[in-house]
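Respectively, the protein sequence lines represent chains W and L.
Counting in the numbering used here, the first sequence runs from 6 upward without gaps.
Counting in the numbering used here, the second sequence runs from 34 upward without gaps.
By construction, the Cβ of each residue, glycine as well, lies at the ideal position given by its N, Cα and C atoms.
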Amino acid sequence: MSEDGALQSLCLAFLFIVVDEKNAERETSRAFHDFKQRRAKIPHSPGVAEQLIVSILNQYLSRFNFPGSWGVGEFLDRQDRFSSPSQSKNLVQPVLFNKKNWNFEISSSKKYLNFDLGPWMDFRKNASQEEFISVLSVLILKIPIEYVARGLKVSQGTVRTRLSLGLERLSQTLVSVGDASL
Amino acid sequence: MNEDFDRSLNRFQRKLTSFMANELTLDYVENLLNSEDQEVFTEYLKNSPLLQDRLVAIEKGRKYCEVLSQIQPSKEYLNRISQAKIGWALVAEKLTWSHWPEMARWSVEALVVALTVAILLPLLPLKKISRWLPNPVQEIILAEIQRPKVDLGQKSEGDSVAVQLSQTHFEEIEAQGHAQKPFDDPIEKQFRSTKSEVPIQREQEKGSEPESGKGNKFVYRVFMQTSDLEAVTEKIKQQVSSLEGKKAGQVELGWHKDNGSYFHFSMPEINYEKLLAALREIGPVRIYKDPHKRVMPVGQIRFILVLEEKQKE
């Protein structure tokens, strides 16, 4: 993975972690700076960048004692302020993005223009850190499970189990808020 | 023979537990199971409604994540992030209020409060505000003067304070030159009341002669009372004039007040005894010799004589 690819992954990851465009930009800048520094110290090999990304994201989540801190402090603000027009009870206001910053170009289906972040917000609130980072890394950032496992220093089977549990929890959120996003 | 073999195989066919089935669900969704495992899983799935629900849930979650993963940041956004100055951001984060030590935050808050009070307090109209507030104490004690003992051989400290204050008061009266009651001063009243029963006693007799060569640094304060103010005032004016007395202040000799007359004059020191004798003929005289910053020429002395009309009982 090139540096541009890593930056793109970090952008997307922090968008879904912070769910606040401005703060996501700030956190992505720092994470990318950290990524470049650590990358320079590690000999180049396949999957190193992906492992680093997973490791950085995991460290970031650990710093905020995920998921306990999501409900307090600055994240409480963000949850209240940035929410999607979903049917979720926890989310009242729409999430606002700057159209210049993001591409929602899915020509095959117009549903993406109206995608609902409500279930994701609920998932982020209810999931454990392990489940959250597994779903985020594997299914959204499209990092192979092998590299995710190395980044988290666990076995691939563990990652698959966490991923399975995470998906189940996410689907429960989808059931609770309806299928408007799909 | 073959049928028997198949039966024996079926007897050893692997059966999935619910735990194993759950673990293989994701692999089944992703088509990662081999044919045998997939067959066994499918067989188990038919008889397990819970697993069917789980399978549906996982597929739904995957679809949703697939939707979210299509979002991509724009190139401009990526450029902006890659060119961001991290150093300043880190410094700014360290300097944010929430990262300050608690003691520093308390100190700054206390300083801000103190400064605010110091700035705003002088601007408040405290006098106006104090009028609105209930104030049971209407009198303000400026100074407490103790009544001195009868023996005036040594002047008490309270006397000197009273004398200095009263002297300042009279000088102000002279400077202003308009109607003002010289006897309204409570300190002067106190001063006079403390000396009312004191017999006349000269300071000069105690050896406090004026310093020769350096001039006279004293003023003689004379207090008298009379029942006929007009006549006595004229008489004193004549006496002072005859003894070469000249007015020292701005008001004329015998400056008339509602209940008294005021004389401020200077005269040769040799006529002191004559003036005293003349005043004694008029009535009781109280004389005090007080130090004063104004220095009189050698051989000249200064008098401030207050003649008050006696109250009819």
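| message | Please classify Ile91 (chain L) as buried or exposed, where buried requires at least 16 other C-beta atoms within 10 Å of its C-beta. | response | Looking at its Cβ environment, which holds 16 or more other Cβ atoms inside 10 Å, Ile91 (chain L) is buried.
| query | Across which residues does DSSP place Lys161 (chain L) in a beta bridge pair? | reply | Paired residues: none, contrary to the question.
| message | Check whether the segment 17-25 of chain W and the segment 47-67 of chain W are in contact - that is, three or more C-beta pairs closer than 8 Å. | response | Yes, since at least three Cβ pairs between the segment 17-25 of chain W and the segment 47-67 of chain W fall closer than 8 Å, the two stretches touch.
| field | Minimum C-alpha distance to Leu57 (chain L) - residue among L:Pro82, L:Arg87 and L:Trp139 | value | Of the listed residues, the one whose Cα sits closest to Leu57 (chain L) is L:Arg87.
| query | With a cut-off of 8 Å, does the C-beta of Ala54 (chain L) fall near any C-beta of chain W? | reply | The Cβ of Ala54 (chain L) sits no closer than 8 Å to any Cβ of chain W.
| field | Listed by chain order, chain L residues near Glu173 (chain W) by CB distance under 8 Å | value | Per Cβ cutoff of 8 Å: Arg87, Ala90, Ile91 and Gly94.
| message | Helix, strand or coil, according to DSSP, for Leu340 (chain L) in the structure here? | response | It is a strand residue.
| query | Which first and last residues belong to the alpha helix (DSSP H) in which Lys268 (chain L) is found? | reply | It spans Leu262 to Ser275 - the alpha helix (DSSP H) in which Lys268 (chain L) sits, taken as one unbroken run.
| task | Give a yes or no on whether 8 Å exceeds the smallest Cβ distance from Ser102 (chain L) to chain W. | result | Residue contact with chain W for Ser102 (chain L): present (Cβ-Cβ distance below 8 Å to some residue of chain W).
| message | Is it the case that the segment 137-147 of chain W contacts the segment 58-77 of chain L, given that we only count it when at least three CB pairs across the two stretches are under 8 Å? | response | Flag = no, the segment 58-77 of chain L and the segment 137-147 of chain W do not touch.
| message | Below 8 Å on the Cβ atoms is my contact criterion, and I expect Leu66 (chain W) with Ile148 (chain W) to pass it. Report the Cβ-Cβ distance as a whole number of Å. | response | About 15 Å separates the Cβ atoms of Leu66 (chain W) and Ile148 (chain W), ruling out a contact at the 8 Å cut-off.
| query | Looking at the unbroken beta strand (DSSP E) that takes in Asp86 (chain L), where does it start and where does it end? | reply | Asp86 (chain L) -> not in any beta strand (DSSP E); alpha helix (DSSP H) instead, spanning Pro82 to Ser102.
| task | Taking C-beta pairs closer than 7 Å, name the residues in chain L that Lys147 (chain W) reaches, listed in chain order. | result | Taking a Cβ-Cβ cut-off of 7 Å, the neighbours of Lys147 (chain W) in chain L comprise Ser102, given in sequence order.
| First and last residue of the uninterrupted beta strand (DSSP E) at Val328 (chain L) | Element bounds for Val328 (chain L): Val318 to Met329.
| For Gln42 (chain W) and Val100 (chain L), the rounded distance between their alpha carbons | For Val100 (chain L) and Gln42 (chain W), the distance between alpha carbons rounds to 32 Å.
| query | Do the CB positions of Lys343 (chain L) and Thr259 (chain L) come within less than 8 Å of each other? | reply | Yes, the pair counts as a contact, with Cβ atoms nearer than the cut-off.
| query | For Thr259 (chain L), which beta-bridge partners are listed by DSSP? | reply | Thr259 (chain L) is bridged to L:Glu342.
| task | Starting from Ser115 (chain L), find everything on chain W with Cβ-Cβ shorter than 9 Å and list it in chain order. | result | Proximity of chain W to Ser115 (chain L) at the Cβ level (cut-off 9 Å) is accounted for by Glu8, Asp9, Leu12, Ser34 and Phe37, in chain order.
| List, in order along the chain, the chain W residues whose C-beta lies closer than 8 Å to that of Leu28 (chain L)? | No statement about residue 28 (chain L) is possible, as the shown extent of chain L runs from 34 to 346 and does not include it.
| From Ser34 (chain W) to Gln13 (chain W), what does the alpha carbon distance come to, in whole angstroms? | For Ser34 (chain W) and Gln13 (chain W), the distance between alpha carbons rounds to 11 Å.
| query | Who are the near neighbours of Leu59 (chain L) in its chain, counting only those whose CB is closer than 7 Å to its CB and skipping five residues on each side? | reply | These residues qualify, in order along the chain: Ile91.
| Counted within 10 angstroms of its Cβ, other Cβ atoms place Val145 (chain L) as buried (16 or more) or exposed | When all chains shown are included, Val145 (chain L) counts as exposed.
| message | Lys280 (chain L) and Phe298 (chain L) - do their beta-carbons sit closer together than 8 Å? | response | At the C-beta level, Phe298 (chain L) and Lys280 (chain L) come within 8 Å of one another.
| query | Do you know how far the Cα of Leu276 (chain L) is from the Cα of Glu306 (chain L)? | reply | C-alpha of Glu306 (chain L) to C-alpha of Leu276 (chain L): approximately 10 Å in a straight line.
| task | Could you check what DSSP says for Ile152 (chain L) in three-state terms: helix, strand or coil? | result | Assigned with DSSP and collapsed to three states, Ile152 (chain L) falls in helix.
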